[in-house]
Amino acid sequence: LTGEVVSKPMIVTGMLEDELGTAIANRLVRVNYEMVNGQSGPVACLNDVTNADGEFAITCPLTGVLAGKAKVTVTYSSFDNNDAYRYENKTVQTEFAVFSNST
């Protein structure tokens, strides 16, 4: 044990599908999170583009975050992707436990 703090990011993964369950490739997906009962407000993560299978993996920095619950929001905007004629906007929110200095 060194007592050294190891900073680890939160990685949000998922798949973008249409209403028929078909993967939607090459589309921008946004993620942000906010610590429940936190003081800092929402934090934007790096954006990502879905791969050929509609999958994405977005890294969110957790600098200065203590243990608690993170409310994570994943957003697909049909307007940002020039898909407004074809798909609807979609936002999904969920909460995850965050453990301080976990390894």
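If you read the sequence shown in my numbering, its first letter stands for residue 5, the second for the next number, and so on.
Glycine is no exception: its CB is placed at the ideal position from the N, C-alpha and C atoms.
Just so we're clear, the structure is a prediction, and the values are computed from it rather than from any experiment.
- Between the C-alpha atoms of Asn93 and Ala71 there is a straight-line separation of about 32 angstroms.
- According to the DSSP assignment, Ala101 belongs to the beta strand (DSSP E) that extends over 94 to 102.
- Counting C-beta atoms within 10 angstroms of its own C-beta, Asn86 has fewer than 16 neighbours from the protein chains shown and is therefore classed as exposed.
- The beta carbons of Gly58 and Ala29 sit closer together than 8 angstroms.
- If you look at Asn36, you'll find it in the beta strand (DSSP E) that goes 32 to 39.
- Within the same chain, Val78 come within 7 angstroms of Val96 by CB-CB distance, once the 5 residues on both sides are set aside.
- DSSP places Ile62 within a strand segment (E or B) once states are collapsed to three.
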